[in-house]
Amino acid sequence: MPKLLLIDDDEAFLNLVRVFMTAQNWSFTGAVNAASGLKELEKEKPDLILLDINLPDKSGFEVCKTLKNDPMTAGIPLILISGYKNQAEDILRGLGYGGDNYLVKPVLLPVLKARLEAALKPSKE
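In the numbering used here, the protein residues as written are 1 to 125.
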């Protein structure tokens, strides 16, 4: 059962993803800000992190950069997500900080699931 950590201040989105992904046999942990997300990460290492770029206490970009520069978390696939429409600049910034992918809300739940599953597949290098 894959373990997802979603860090997003949109509680409705957190609950929607929680219901959908647990129905898909995923383990789910949610956090509404960077501080609580990092605490959850210390408790249990997820298989994948879905991270909002706009959090109330810290930029998701900075959280991404921190996680990707830490040897303990650098190997965890991390997908950034945002509801803002400044996509090109944000996508390039997020990928530059080490994000593995970037999604824009609203996202269809089956598409979200497919992106999460693809992020867990080993690369074919």
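Idealized CB from N, CA, C, for every residue including glycine.
Under the 8 Å Cβ criterion, the region 39 to 50 does not count as touching the region 90 to 99, having fewer than three qualifying pairs. Leu55 sits close to Ala34, with the two beta carbons spaced by under 9 Å. Between Asp52 and Asp90, the CB-CB gap reaches or exceeds 9 Å.
Using a Cβ distance threshold of 9 Å, Leu50 and Val17 count as a contacting pair.
Gly60 is the residue among Thr22, Gly60, Ser27 whose C-alpha sits nearest the C-alpha of Ser36. For Leu51, the secondary structure class from DSSP, reduced to helix, strand or coil, is strand. Counting C-beta atoms within 10 angstroms of its own C-beta, Val111 has fewer than 16 neighbours from the protein chains shown and is therefore classed as exposed. For Asp100 against Leu78, the beta-carbon gap comes to about 6 Å, under 8 Å, which counts as contact.
Taking C-beta atoms as the reference points, Leu103 and Val63 fail to come closer than 9 Å. Within the same chain, Met1, Lys3 come within 6 Å of Ser27 by CB-CB distance, once the 5 residues on both sides are set aside.
Secondary structure of Thr73 (DSSP, three-state): coil.
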